Structure formats: structure tokens, C-alpha cells
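Report on the following structure.
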Amino acid sequence: TLWAGGTYVPLGHGYPHGELLSIITHRADLDAMVLDPGSVALAEELEPALPPHVLVGPKVEIDLPRARVTPWQSLAELGPADPPAPLGPDHPAYILFTPDMATGEFRGIIVSAASLAHFLMAMRALYQFGPKDRFAQFADVSSDALNYEVFACLDGGGCVHVVPHQMLDMPAVFLKQRN
Numbered sequence: 022t023l024w025a026g027g028t029y030v031p032l033g034h035g036y037p038h039g040e041l042l043s044i045i046t047h048r049a050d051l052d053a054m055v056l057d058p059g060s061v062a063l064a065e066e067l068e069p070a071l072p073p074h075v076l077v078g079p080k081v082e083i084d085l086p087r088a089r090v091t092p093w094q095s096l097a098e099l100g101p102a103d104p105p106a107p108l109g110p111d112h113p114a115y116i117l118f119t120p121d122m123a124t125g126e127f128r129g130i131i132v133s134a135a136s137l138a139h140f141l142m143a144m145r146a147l148y149q150f151g152p153k154d155r156f157a158q159f160a161d162v163s164s165d166a167l168n169y170e171v172f173a174c175l176d177g178g179g180c181v182h183v184v185p186h187q188m189l190d191m192p193a194v195f196l197k198q199r200n
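Residue numbers (the numbering used here): 22 to 200.
What follows is the structure, encoded as C-alpha cells:
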């Protein structure tokens with residue numbers, strides 16, 4: 022998303038329906054959405070509010086007549102990516118929607134490209150992640166902890182292994198599957 026000059030807006034499966042509908046239709050101004058198998062039923066419910074482009078992951082079967090649905094696998098057929106779009110320091114890198122502790126309402130917290138760059142620079146200096154490093158992605162996609170697990174790893178050229186929710190209680194099984 023950032024490579025193309027966009028803003029990443031992670032949405033959690035556990036968000037209340039009303040909040041998701043409000044975020045999708047009014048507050049986030051989405052151009053596209055990525056669906057995983059766990060979000061199919063919700064996407065079908067919210068179909069009239071979905072953005073015009075929907076990218077679906079492996080094992081996702083969905084019919085969305087109002088959207089252009091693209092399977093993840095078809096991205097391999099595309100040519101090499103264009104160079105990254107230049108971003109100014111104030112460009113929103115991502116927006117986290119999180120419940121306000123006082124009211125319970127979800128608020129969008131905008132994190133600028135400069136803030137993300139500073140975070141990554143600090144992680145690079147502190148940990149010196151590289152191409153041989155492997156990260157297990159445990160955090161919910163809508164949490165700020167995802168920055169460490171994904172952005173810091175990818176910035177260093179490492180590999181992210183997404184841990185399925187059902188495997189969180191079975192780390193030995195997960196590691197054995199990943200060899």
C-alpha cells in the first residue's frame with residue numbers, strides 16, 4: 022500500500038459491525054480491501070459498503086457483484102513493480118482505528134510516514150534485522166504491535182510467518198509445520 026502511495030488501514034475481525042460499516046463507508050475512504058478467509062461472511066454482509074476493488078487471499082471464495090474481485094494468486098502474473106511512489110513526511114502511512122477508553126467509540130489514529138520511518142530507523146539501529154531473520158506475526162492486524170512484527174521485519178529484508186489464530190496455543194506444531 023505504501024509502495025503505491027496509499028495509506029494502510031487495518032481492520033480487525035472483532036470490530037463491531039456498526040463501527041466497521043462506519044469506517045468503511047464514511048471515515049476511511051477506502052479504494053481497495055484485502056479479504057482473508059475469516060472475513061468472507063462479514064464482507065458479504067457489508068457488500069454494498071465495500072470499496073470498488075477487493076483482493077482476496079488464498080482459499081477465499083466470494084461473489085461481490087459491485088466490486089472488482091482479484092485473487093491474490095493473479096498478482097504473480099503482473100510484471101515487476103514500478104518504483105515506490107515518493108511520500109512526504111506528513112503522508113499518512115497507516116490509520117489505526119481503536120476504541121476510545123472513555124467512550125468506547127472507535128477513533129482513527131493517523132501515523133505519518135515520518136513517524137513510521139523514525140520507528141523503523143530505531144529498530145534497524147537497535148536490532149539490525151536482516152534477510153536471515155524470521156518473525157512470527159502474532160498480533161491482531163488492527164493492533165499497533167503489528168508494526169514491530171511486520172514493518173520492522175520487512176524493512177530488514179526478513180520473512181514474516183503469519184501464525185493462524187488456532188495455532189497460538191500450539192507453538193511447537195506451528196514451528197514443525199514451518200520446518
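Glycine included, every Cβ here is placed at the ideal spot set by N, Cα and C. Please read all numbers here as calculations on a predicted model, not as lab measurements.
- Range of the contiguous alpha helix (DSSP H) that encloses F140: As a working mapping, residue 140 is identified with position 119 in the sequence shown. Its alpha helix (DSSP H) spans residues 134–148.
- Item | Burial state of L115 (16 or more Cβ within 10 Å) | Here the question's residue 115 lines up with position 94 in the sequence shown. With the sequence shown as reference, residue 115 is identified as Tyr, and Leu is not the correct amino acid for it. Y115 should be labelled buried.
- Euclidean distance between Cα positions of L117 and Q158: Here residue 117 is taken as the residue at index 96 of the sequence shown, counted from 1. Here residue 158 is taken as the residue at index 137 of the sequence shown, counted from 1. Rounded to whole angstroms, L117 to Q158 spans 17 Å at the Cα level.
- Message: Between the alpha carbons of E40 and E66, how many angstroms are there, rounded?
- Response: The residue labelled residue 40 in the question sits at position 19 within the sequence shown. The residue labelled residue 66 in the question sits at position 45 within the sequence shown. A straight line joining the alpha-carbon of E40 with that of E66 spans about 14 Å.
- What is the DSSP secondary structure of M191, reduced to helix, strand or coil? Start at 1 with the first residue of the sequence shown, and residue 191 comes out as number 170. Reduced to three states, the DSSP call for M191 is coil.
- Message: Which runs of the beta strand (DSSP E) at least 3 residues long sit entirely within the segment 93–122? Give them in chain order.
- Response: The segment 93–122 contains these whole beta strand (DSSP E) runs: 113–120.
- At a Cβ threshold of 8 Å, is E66 touching chain C? No chain C is part of this structure, which consists of one protein chain only.
- Task: Give me the Cα-Cα distance between D121 and S60, rounded to the nearest whole angstrom.
- Result: Here residue 121 corresponds to residue number 100 of the sequence shown, with the count starting at 1. Here residue 60 corresponds to residue number 39 of the sequence shown, with the count starting at 1. Roughly 24 Å separates the two Cα atoms.
- At least three beta-carbon pairs within less than 8 Å, the segment 91–105 to the segment 132–149: As far as the Cβ criterion goes, the segment 91–105 does not touch the segment 132–149, which means the pair count is below three.
- Given a cut-off of 8 Å, decide if E170 and F156 are closer than it, judged by their beta-carbon atoms. The count along the sequence shown starts at 1 and reaches residue 156 at position 135. The count along the sequence shown starts at 1 and reaches residue 170 at position 149. For the 8 Å CB-CB criterion, F156 and E170 form a contact.
- Item | Helix, strand or coil at L32 according to DSSP, with G and I counted as helix | If you number the sequence shown from 1, residue 32 lands on position 11. Judged by DSSP in its simplified three-state form, L32 adopts coil rather than helix or strand.
- Query: Do the segment 185–194 and the segment 119–137 make contact, defined as three or more Cβ pairs closer than 8 Å?
  - Reply: They do not touch, by the three-pair rule.
- What do you reckon, are the CB atoms on P113 and T22 nearer than 8 Å? Residue numbering aside, residue 113 sits at position 92 when the sequence shown is read from its first letter. Residue numbering aside, residue 22 sits at position 1 when the sequence shown is read from its first letter. No; because the gap between Cβ atoms is not below 8 Å, this pair is not in contact.
- Would you tell me roughly how many angstroms separate the C-alpha atoms of F172 and Y148, rounded to the nearest one? Residue mapping note: residue 172 aligns to position 151 of the sequence shown, counting from 1. Residue mapping note: residue 148 aligns to position 127 of the sequence shown, counting from 1. C-alpha separation (whole angstroms): 13 Å.
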